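Only one structure is covered here, and it is reproduced in the block below.
Protein chains in written order, with the numbering used here: chain W, 100 to 769; chain U, 23 to 274.
Given below as structure tokens:
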């Protein structure tokens, strides 16, 4: 099947408006005859479910958590971008569009990104109207901060809990519709397959996680909003339950999976402390507004620090290597995430890591505390303030901005980051790749949509900070509710979809057979045993730097691990009860396939772009020496993979990317 | 404590399902590092149980960074355990000593029935929110510009402090009356402090409080235990504000 992105014709500025004016609508009375399933209740799924229900569709929403409010969007910290230009610093729709395409290393679809930038301002208006308590300045207007990869302040925030507040906003909109009976909410339910009838998505098979019951749910369209696949690495900043099962199941039923190798390794996470580690914790990118990243300049200081003979605060300014400021003077500590992560890896690989594992760099707030302290002393007319006074005043400002993050750090590491620099290291955080969708956010299966992190669309090869929340809400509040109407307009005469059909029988049987296998297979090893092994292969060979040999090894090692899993995995308990190990088994089985496709995609893309860094493709000389080298002639396309059984046999389809409104350039943050 | 870490006895509530009777069962874990989180210690126990062919302990958890509100253990008689300002997932083993016996129970309240082991049903919180935990504005995006209505920084900050509630239920589990007034007070306050919440303020507080009572939560007798155990430091002032709002709504 040839890929058709369905991008409307015309100038980029008018595409979305003109398109919306012409697409089919469903009249209010007919909307009542149409059912839509939404899987996942994060920012994308929650906002989509609420909006579709408001419009009049009958929505069934599913989440595996005990409440929709707990979806992992809740953990997003730093903020949400919007081209409001409230700061008057030169922001505009075009500039947000440009920054996003450039930040994504020219591997995203122009028309989708422009639309995202266009609707971004509405998100802020909407959220304020819902009662989201964004940070404000003393005049009562909304405050902004800066994020990596841009030169303006366009990030709106609610302390370090922006994701929480936006999700609670979407959750409140859902609650209003649940109360009206327009959303039927299925908590503690997991989608285990999609059901297709005559080529169209017509429902799902879901497991009730409390009783173990397998349920059939039908609808006229199915929306997948189940988030990313970062947990393929076992250790990531994702929630323990975050999984790729919904996305992977639809891939196996005909939805192409695009650019799986585009994964974001976030530069500022708390380093791992031991083998028992179950997840990694992010320290928001917003900290790079005020924190300076460094390692010691001299190896003897590194050794002394590791041995506990010196403290980081003992080192003078000229004994420190602020390597981001040194290498990238224009953007300094606010380079994009992929660049910051690789720079940390480069220093640690060279032996300058500052903790016992050698995998940590410092994020230091001492100079910010000084700067704010002096500013506050001026504001409060304090003449000749003492050093302690300056420190106290400055600390209060830093605490107001990042207090909850500092507290989180202290609880985990048991060190006070106001007094000693934080230690950080990159960790898997976000996946730019995902299910391929067209301009309507429809997958290659009719009536099957994919939104938010689960799709591939807007961030190219690298996502800028504070853009995930923007995309999730844009898709759910402002894009899907229009585009899905164009499809559903043809469904007004369909009538309710019955679930007693052979297609539902077959899908349910497949799901039950798999569960029975897990319960009855009296293997040797727990699910986590396999998940950790998979994670290690992914981190070592598909991590921050990749090469041909490693990727080939990864493919065969994952395949072997998968075969072993299907022989020797051990799942205790029964199918007809709450059984967390059984839930994990199904998710890891899917990760064991996705991981191999990931490696295959990374092997195919023999260029470095964004988060995907191939050691074979670097600049060899000039100012950019050692930086990632894109190959626009050969790789300016989306790699969309069609399922053919084994992941290694997946067939590549290319969506060529056209750049009419932005000139392709090497990204330079120097 | 030896270099090898702590040896601990865990006394854990086991209950097959909501219809079965539960009981406390003792388990031993060894070589527990002080740097582990409490839930990582539980992972160690569960891997051990699986290897021995026993059923692992079911417990709720998800983000493991203190924000989703899913984890919910009652540890040594305290919701989320002995540390302050943390959820169970943020509790670290450095708070315990070699040789300790740790008692682990589910959050207990009539309105939080046990589903299995340490997992409880907190959908009563959702139903309270359905009763009015929202502002009735459509998500069309056609609202006024976000800066058209200035809100004082003080009010916005106070609303934010109330809005940081993660809905974990520690307040209910801690309260001798199993009262949910800190939770409901926080939500009512967030909207009461913002101009956007004024239009529906009276109905909101009346409906949410009515639903709270219907769910079987107890009343508040001002012991303040909820505020102490709240991982997000939600202030008792929110309960006072809710009571004022309810009073206002009832007389007008």
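Think of the CB as a built atom: it goes at the ideal place given N, C-alpha and C, for glycine as much as any other residue. Owing to the predicted nature of the structure, the values given are computational and were not obtained by experimental measurement.
How far does the alpha helix (DSSP H) with residue i in it reach, from first residue to last?
{"i": "residue 630 of chain W", "result": "626 to 640"}
{"i": "residue 584 of chain W", "result": "579 to 587"}
{"i": "residue 395 of chain W", "result": "Per DSSP, residue 395 of chain W belongs to no alpha helix (DSSP H); it is in the beta strand (DSSP E), 391 to 395."}
{"i": "residue 152 of chain U", "result": "145 to 152"}
{"i": "residue 571 of chain W", "result": "567 to 572"}
Assuming residue i and residue j form a contact by the criterion Cβ under 8 Å, report the distance between their Cβ atoms to the nearest whole angstrom.
{"i": "residue 222 of chain W", "j": "residue 576 of chain W", "result": "7 Å"}
{"i": "residue 538 of chain W", "j": "residue 210 of chain W", "result": "6 Å"}
{"i": "residue 320 of chain W", "j": "residue 583 of chain W", "result": "6 Å"}
{"i": "residue 251 of chain W", "j": "residue 189 of chain W", "result": "6 Å"}
{"i": "residue 598 of chain W", "j": "residue 341 of chain W", "result": "The Cβ separation is near 28 Å, so there is no contact."}
{"i": "residue 272 of chain U", "j": "residue 241 of chain U", "result": "Not confirmed; about 16 Å, so no contact."}
{"i": "residue 260 of chain U", "j": "residue 181 of chain U", "result": "With a Cβ gap of about 11 Å, residue 260 of chain U and residue 181 of chain U do not count as contacting."}
Going by DSSP, what residue range makes up the beta strand (DSSP E) through residue i?
{"i": "residue 753 of chain W", "result": "750 to 755"}
{"i": "residue 137 of chain U", "result": "136 to 138"}
{"i": "residue 292 of chain W", "result": "288 to 296"}
{"i": "residue 522 of chain W", "result": "521 to 530"}
{"i": "residue 462 of chain W", "result": "460 to 463"}
Name the residue from the options whose alpha carbon lies nearest to the alpha carbon of residue i.
{"i": "residue 715 of chain W", "options": "W/707, W/385, W/721", "result": "W/707"}
{"i": "residue 154 of chain W", "options": "U/162, U/227, U/87", "result": "U/162"}
{"i": "residue 37 of chain U", "options": "U/47, U/118, U/30", "result": "U/47"}
{"i": "residue 236 of chain W", "options": "U/160, U/262, U/178, U/211", "result": "U/178"}
{"i": "residue 753 of chain W", "options": "W/553, W/277, W/737", "result": "W/737"}
{"i": "residue 445 of chain W", "options": "W/420, W/674, W/604, W/315", "result": "W/420"}
{"i": "residue 182 of chain W", "options": "W/204, W/166, W/218", "result": "W/218"}
{"i": "residue 700 of chain W", "options": "W/157, W/674, W/653, W/673", "result": "W/653"}
{"i": "residue 42 of chain U", "options": "U/139, U/147, U/34, U/71", "result": "U/139"}
{"i": "residue 744 of chain W", "options": "W/139, W/671, W/288, W/348", "result": "W/348"}
{"i": "residue 682 of chain W", "options": "W/720, W/626, W/697, W/435", "result": "W/626"}
{"i": "residue 762 of chain W", "options": "W/196, W/267, W/595", "result": "W/196"}
{"i": "residue 622 of chain W", "options": "W/593, W/199, W/669, W/663", "result": "W/669"}
{"i": "residue 357 of chain W", "options": "W/506, W/528, W/403, W/741", "result": "W/741"}
{"i": "residue 709 of chain W", "options": "W/719, W/201, W/472, W/304", "result": "W/201"}
{"i": "residue 160 of chain U", "options": "W/247, W/275, W/719", "result": "W/275"}
{"i": "residue 273 of chain W", "options": "U/230, U/149, U/233, U/96", "result": "U/149"}
{"i": "residue 81 of chain U", "options": "U/206, U/126, U/223", "result": "U/126"}
{"i": "residue 485 of chain W", "options": "W/469, W/497, W/500, W/496", "result": "W/469"}
{"i": "residue 233 of chain U", "options": "U/154, U/260, U/83", "result": "U/154"}
Determine the DSSP secondary structure at residue i, reduced to helix, strand or coil.
{"i": "residue 761 of chain W", "result": "coil"}
{"i": "residue 201 of chain U", "result": "strand"}
{"i": "residue 24 of chain U", "result": "Its pLDDT being 47, under 50, residue 24 of chain U is placed unreliably by the model, and the measurement read from it follows with that caveat. Residue 24 of chain U falls in the strand class under three-state DSSP."}
{"i": "residue 669 of chain W", "result": "strand"}
{"i": "residue 505 of chain W", "result": "helix"}
{"i": "residue 342 of chain W", "result": "coil"}
{"i": "residue 427 of chain W", "result": "coil"}
{"i": "residue 555 of chain W", "result": "coil"}
{"i": "residue 273 of chain W", "result": "helix"}
{"i": "residue 187 of chain U", "result": "coil"}
{"i": "residue 516 of chain W", "result": "coil"}
{"i": "residue 127 of chain U", "result": "strand"}
{"i": "residue 539 of chain W", "result": "coil"}
{"i": "residue 227 of chain W", "result": "helix"}
{"i": "residue 232 of chain W", "result": "coil"}
{"i": "residue 104 of chain W", "result": "coil"}
Using C-beta distances below 6 Å, list every residue in its chain close to residue i, excluding the 5 sequence neighbours before and after it, in chain order.
{"i": "residue 602 of chain W", "result": "294, 296"}
{"i": "residue 52 of chain U", "result": "29"}
{"i": "residue 770 of chain W", "result": "The question about residue 770 of chain W has no answer, for chain W in this structure spans 100 to 769."}
{"i": "residue 614 of chain W", "result": "674"}
{"i": "residue 23 of chain U", "result": "For residue 23 of chain U, the predicted model reports a pLDDT of 44, less than 50, meaning its position is unreliable and no value from the coordinates is stated."}
Tell me which residues share the same chain as residue i and place their Cβ nearer than 8 Å to its Cβ, disregarding the 5 neighbours each side in the sequence.
{"i": "residue 262 of chain W", "result": "142, 172, 173, 174, 175, 176, 568"}
{"i": "residue 580 of chain W", "result": "147, 150, 151, 154"}
{"i": "residue 343 of chain W", "result": "325, 327, 328, 330, 331, 686, 689, 690, 693"}
{"i": "residue 397 of chain W", "result": "418"}
{"i": "residue 57 of chain U", "result": "114, 115, 116"}
Excluding the 5 residues flanking residue i on each side, which residues of the same chain have their C-beta closer than 7 Å to its C-beta?
{"i": "residue 269 of chain U", "result": "none"}
{"i": "residue 175 of chain U", "result": "none"}
### Query
Going along the segment 180 to 207 of chain W in order, which residues come within less than 7 Å of chain B, judged by CB to CB distance?
Annotation note: the requested chain B is absent from the structure, which comprises protein chains W and U.
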